[in-house]
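Asker: Got a structure for you, written out below as structure tokens; questions coming shortly.
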Amino acid sequence: MVFLCANPEKEIYLSEELEILVDNQIEERRNTITSLPEELIINILSRLPAQLLHESVRSVCMRWEYLVNDPFFIEAHLRQAKTGIFIEVISSPANFYFFETKGGEFSFSLTYYKHEFPGRMIASYDGIALFIDLIDITILYVMNPVTMEKTRLPSLDEPPNPLYYSSCIARGRSTRQYKVVHSYEDLSREYHWVVLTIGIDNSWRRISSEQTFMRGDMELDNFPVSVSGVIYWTDYDYEEEDGIVYFPAMDVDDETIRKVPIPPSGSIEPCAYTKMGNYLSGFVTAPLSLQFEIYVLKDWLRGEWDKVYEIHIDAPRGLYFYFPIGWLNDDEMLVLEGLTMEGDIYMAYDVKKNETRVLDLSICGPRFYSHVHTNTLVSYRMP
Numbered sequence: 001m002v003f004l005c006a007n008p009e010k011e012i013y014l015s016e017e018l019e020i021l022v023d024n025q026i027e028e029r030r031n032t033i034t035s036l037p038e039e040l041i042i043n044i045l046s047r048l049p050a051q052l053l054h055e056s057v058r059s060v061c062m063r064w065e066y067l068v069n070d071p072f073f074i075e076a077h078l079r080q081a082k083t084g085i086f087i088e089v090i091s092s093p094a095n096f097y098f099f100e101t102k103g104g105e106f107s108f109s110l111t112y113y114k115h116e117f118p119g120r121m122i123a124s125y126d127g128i129a130l131f132i133d134l135i136d137i138t139i140l141y142v143m144n145p146v147t148m149e150k151t152r153l154p155s156l157d158e159p160p161n162p163l164y165y166s167s168c169i170a171r172g173r174s175t176r177q178y179k180v181v182h183s184y185e186d187l188s189r190e191y192h193w194v195v196l197t198i199g200i201d202n203s204w205r206r207i208s209s210e211q212t213f214m215r216g217d218m219e220l221d222n223f224p225v226s227v228s229g230v231i232y233w234t235d236y237d238y239e240e241e242d243g244i245v246y247f248p249a250m251d252v253d254d255e256t257i258r259k260v261p262i263p264p265s266g267s268i269e270p271c272a273y274t275k276m277g278n279y280l281s282g283f284v285t286a287p288l289s290l291q292f293e294i295y296v297l298k299d300w301l302r303g304e305w306d307k308v309y310e311i312h313i314d315a316p317r318g319l320y321f322y323f324p325i326g327w328l329n330d331d332e333m334l335v336l337e338g339l340t341m342e343g344d345i346y347m348a349y350d351v352k353k354n355e356t357r358v359l360d361l362s363i364c365g366p367r368f369y370s371h372v373h374t375n376t377l378v379s380y381r382m383p
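Take 1 as the starting number for the sequence shown in full-length UniProt numbering and just add one per residue.
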């Protein structure tokens, strides 16, 4: 700190005094903040981004470090955390970003990850991501992109289809354990499931199912979706003798597989399914139409769906393919990927205001992968 005056000796003296004064003010403010009631501190800190908490806030004082690492605070922060989109830019080396809503209407931020990741993200739950090795696809990693906590899972005996990522991560509602589930097709074209409880199992366990699922009875369209302790294989849709089309779902706690009917949308089957809050949402639309009926699965055991939205998206000209990616901003904003003659575009649709905006992701380059994700402090070792 510099303080100029005519007398050099006095200058040094005043400079030192000013340094002490400023340091005392900083320390006083810090003590004021850190001495606030713990409930108020938790309420304030739980609203901050996970990256800020991990990289800066926890170093303020020992009390805050203890608080940020406390499992109860981490769960409270998880309930406040915003869903965003994890972006992997196809380059050498790859670059990674986190896209999320920020403040007002159609305001977004793009945060750069300073580190690399062990492959490609293929699933995410509670901020715990599942990555697949791009060289050896039998290798999977579980990792928190914020805290960098990472573990390699035992290699899969049955590798995934390179054109279809058939693995998923989820958390049991009762046990609160994180599990990775992988589906595969054997030589008889029959589908099977194996599961691994993270931090407990040293090998994959095969799940028994009362019903046989064959390749000829199903079509592969979408990725598995995990919501509130249930994993849905919405791509494995098949028709029963009652004329109803079903897809299989697994309770993560007891690892039993049940069948769930598709939304009651007449002859048109849903084109996509995504996580919407604590529910599975299904999108029903006619071919080449941008008018959607959106249903949520209110009770998966009873197969009860409710229609929550009927929307029409004002898309740019030349759009001939589109696909819902996921929900942001407390499930009030839908992000879609579209394909035009000029290349891929991304759109955000506000369901409350019936407004559409094209997102400027040019900083990410012409080619990138995207996956719905939430930045959190959650550990896969948490009980």
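Ideal Cβ placement from N, Cα and C applies to all residues, glycine included.
All values derive from a computational prediction rather than experimental measurement.
1. For Val-296 and Leu-328, what's the separation of their Cα atoms in angstroms?
2. DSSP state of Leu-361, grouped into three classes?
3. Leaving out the 5 sequence neighbours to the left and right, which residues in its chain are closer than 6 Å to Thr-151 when beta-carbon positions are compared?
4. Under the three-state reduction of DSSP, which class applies to Val-194: helix, strand or coil?
5. Between Met-121, Tyr-125, Phe-117, Val-89, which has its C-alpha nearest Leu-110's C-alpha?
6. Taking the CB atoms as reference points, tell me whether Ile-262 and Phe-292 lie closer together than 7 Å.
7. Alpha carbon to alpha carbon, how far is Val-372 from Ser-124?
8. So, with DSSP's three-state summary, where would you put Ala-315?
9. Tell me the DSSP secondary structure of His-371 in three-state form.
10. Per DSSP, what kind of secondary structure is Tyr-97 in: helix, strand or coil?
11. If you draw a straight line from the C-alpha of Gly-127 to the C-alpha of Tyr-380, how long is it?
12. Is Phe-99 closer than 7 Å to Met-121 when the C-beta atoms are compared?
13. Let's test the definition: count the other Cβ atoms within 10 Å of the Cβ of Asn-278 and tell me whether it reaches 16, buried, or not, exposed.
14. For Tyr-346 versus Glu-355, is the C-beta spacing smaller than 7 Å?
15. Taking all protein chains shown into account, do 16 or more other C-beta atoms lie within 10 angstroms of the C-beta of Leu-153, making it buried, or fewer, making it exposed?
16. Would you kindly work out how many angstroms separate the C-alpha atoms of Gly-365 and Glu-55, rounded to a whole number?
17. Can you give, in chain order, each stretch of the beta strand (DSSP E) that sits fully within the segment 277-344 and has at least 3 residues?
18. So, at 8 Å on beta carbons, what are the nonlocal neighbours of Trp-64 in its own chain, with the 5 sequence-adjacent residues on each side left out?
19. Under the assumption that Val-225 contacts Ile-198 (Cβ atoms under 8 Å), give the Cβ distance between them as a whole number of angstroms.
20. Buried or exposed for Asp-237, please, with buried defined as at least 16 other CB atoms from any protein chain shown within 10 angstroms of its CB.
21. Secondary structure at Leu-21, three-state DSSP: helix, strand or coil?
22. What residues in its chain sit with their C-beta under 8 Å from that of Ile-26, if we drop five residues either side in the sequence?
23. Given Ile-200, which residues of its chain have a CB within under 8 Å of its CB, disregarding the five upstream and five downstream residues?
24. In the DSSP assignment, the alpha helix (DSSP H) including Arg-63 goes from what residue to what residue?
25. Who are Glu-88's beta bridge partners in DSSP?
Answerer: According to the structure shown:
1. Residue numbering aside, residue 296 sits at position 296 when the sequence shown is read from its first letter. Residue numbering aside, residue 328 sits at position 328 when the sequence shown is read from its first letter. Straight-line spacing of the CA atoms in Val-296 and Leu-328 works out to 16 Å.
2. On the sequence shown, residue 361 is found 361 positions in, with the first residue counted as 1. In the structure shown, Leu-361 sits in coil (DSSP, three-state: anything other than H, G, I, E or B).
3. In the sequence shown, counting from the first residue as 1, residue 151 sits at position 151. Answer for Thr-151: Val-142, listed in chain order.
4. The count along the sequence shown starts at 1 and reaches residue 194 at position 194. Of the three classes helix, strand and coil, the one that applies to Val-194 here is strand, per DSSP.
5. By 1-based counting over the sequence shown, the position of residue 110 is 110. The candidate whose alpha carbon is nearest that of Leu-110 is Val-89.
6. Residue 262 sits at position 262 when you count from the first residue of the sequence shown. Residue 292 sits at position 292 when you count from the first residue of the sequence shown. No. Outside cutoff.
7. Here residue 372 is taken as the residue at index 372 of the sequence shown, counted from 1. Here residue 124 is taken as the residue at index 124 of the sequence shown, counted from 1. So the alpha carbons of these two residues sit roughly 7 Å apart.
8. Your numbering for residue 315 matches position 315 in the sequence shown. In this structure, Ala-315 counts as coil in the three-state DSSP scheme.
9. Within the sequence shown, residue 371 is the residue found at index 371, counting from 1. Residue state, collapsed to three classes: strand.
10. Here residue 97 refers to the residue found at position 97 when the sequence shown is read from its first residue. Strand, per DSSP.
11. For the purposes of this step, residue 127 is taken as residue 127 along the sequence shown, with counting starting at 1. For the purposes of this step, residue 380 is taken as residue 380 along the sequence shown, with counting starting at 1. If I take the Cα positions, the gap works out to 9 Å.
12. Position 121 of the sequence shown holds residue 121. Position 99 of the sequence shown holds residue 99. For the 7 Å CB-CB criterion, Met-121 and Phe-99 do not form a contact.
13. Taking the sequence shown and counting its residues from 1, one reaches residue 278 at position 278. With fewer than 16 Cβ atoms within 10 Å of its Cβ, Asn-278 is classed as exposed.
14. The residue given as residue 346 occupies position 346 in the sequence shown. The residue given as residue 355 occupies position 355 in the sequence shown. No, they are not a contact pair.
15. Counted from its first residue, the sequence shown places residue 153 at position 153. Flag for Leu-153 reads buried.
16. Position 365 of the sequence shown, counted from the first residue, corresponds to residue 365. Position 55 of the sequence shown, counted from the first residue, corresponds to residue 55. Approximately 27 Å between the Cα atoms of the pair.
17. 279-284, 291-299, 304-312, 321-328, 333-340
18. Position 64 of the sequence shown holds residue 64. Same-chain partners within the cutoff: Thr-34, Ile-41, Leu-45, Val-57, Arg-58.
19. For the purposes of this step, residue 225 is taken as the residue at position 225 of the sequence shown. For the purposes of this step, residue 198 is taken as the residue at position 198 of the sequence shown. That belief does not hold up - the Cβ atoms of Val-225 and Ile-198 are roughly 19 Å apart, past 8 Å.
20. Locating residue 237 in the sequence shown gives position 237, counting from the first residue. Answer is buried; the Cβ neighbour count reaches 16.
21. Your numbering for residue 21 matches position 21 in the sequence shown. Residue confidence for Leu-21 is low, a pLDDT of 49 falling below 50, so the modelled location carries little weight; the figure read from the coordinates is stated next. Note: Leu-21 maps to helix in three-state DSSP.
22. Locating residue 26 in the sequence shown gives position 26, where the first residue counts as 1. Confidence at Ile-26 is low in this model, with a pLDDT of 43, below 50, so the placement of that residue should be treated as unreliable; the coordinate-derived value is given next. Closer than 8 Å at the Cβ level, and outside the excluded window around Ile-26, lies no residue.
23. Locating residue 200 in the sequence shown gives position 200, counting from the first residue. Cβ neighbours of Ile-200 beyond the five flanking positions: Gln-177.
24. As a working mapping, residue 63 is identified with position 63 in the sequence shown. Its alpha helix (DSSP H) spans residues 62-68.
25. Within the sequence shown, numbered from 1, the residue matching residue 88 stands at position 88. Phe-96, Tyr-369, per the DSSP bridge assignment.
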